[in-house]
Amino acid sequence: MTDDSCRIKQGILNHDEKLYRELIDEYGRLVWTVCSAILKNIGTVQDIEECVADVFIEVWKNPYKFNPEKGGIASFLKIIAKSKALNLHRRLRSKLPHVPFDDNIGLISVPVEEEIIDKTEAGEIMTEIGGLKEPDREIFYRRYCFEQKPSDIARVMNLPEREVRNRLYQSKKKLKNRIGGNYCETL
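In structure tokens, the structure reads:
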């Protein structure tokens, strides 16, 4: 762990307002990029601004979740940003009369992805997800990449919904053990 990582961890744990301002100044644009990539077709600028603010509020409210041994602060903020933006996207989508399913929702375009995702961590995560056995892998992709509800997954895959939920739980547990808590807490 670097000295800077230790400083950030201590600052977050101590609710150091100066450090939080530094984090917002340094990583606000990154968090904005993640949130706007997910909310661009459904949210307003205000929705994106609120989502970005919610990311930093989450760090303030739960300082113990940041573990520099699992990844840097940028990766940690990206994970929270994606989770918050996807949750907001679901809420906004549920208020619309009918929005057809889009396989690309929540997936960031390649040029933006290269900008905001550390390739080593992304590769490690994708390798571990790819290592899940079928039908767990398909269930996992359908739920967390394509945002399908467990009931819809069960119907499409001709499985009991309870089995789908159990397989999701077990898959998350396996991934958490393999790659660490920070990456799986938002799933």
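So in our numbering, the last spot in the sequence shown is 207, and the numbers never skip.
Every residue gets a Cβ at the ideal spot worked out from N, C-alpha and C, and that includes glycine.
This one's a predicted model, so the numbers in the text were calculated from it and none came from an experiment.
Counting along the chain, the unbroken alpha helix (DSSP H) around His109 starts and ends at Ile93 to Lys115. Annotated three-state conformation of Ile62 is coil, per DSSP. For Lys102, the CB contacts under 6 Å within the same chain, skipping 5 residues up- and downstream, are Val54 in chain order.
Rounded to the nearest angstrom, the gap between the Cα atoms of Ala174 and Arg162 is 10 Å.
Rounded to whole angstroms, the separation of the alpha carbons of Asp67 and Val51 is 13 Å. Phe160: member of the alpha helix (DSSP H) spanning Asp156 to Tyr164, first to last residue. Straight across, the Cα-Cα distance linking Trp80 with Phe86 is about 10 Å.
Counting only the Cα atoms, Asp36 lies some 13 Å from Asn82.
Judged by DSSP in its simplified three-state form, Thr53 adopts helix.
For the pair Leu188 and His109, the CB atoms are not nearer than the 7 Å cut-off. In the three-state reduction of the DSSP assignment, Pro83 falls in the helix class, which pools H, G and I.
Around the beta-carbon of Ser191, 16 or more other beta-carbon atoms lie within 10 Å, marking it buried. Contact check for Ile99 and Phe76: beta-carbon distance about 14 Å, past the 8 Å limit, so the pair fails to qualify. Just so you know, the alpha carbons of Arg27 and Lys104 end up roughly 26 Å apart.
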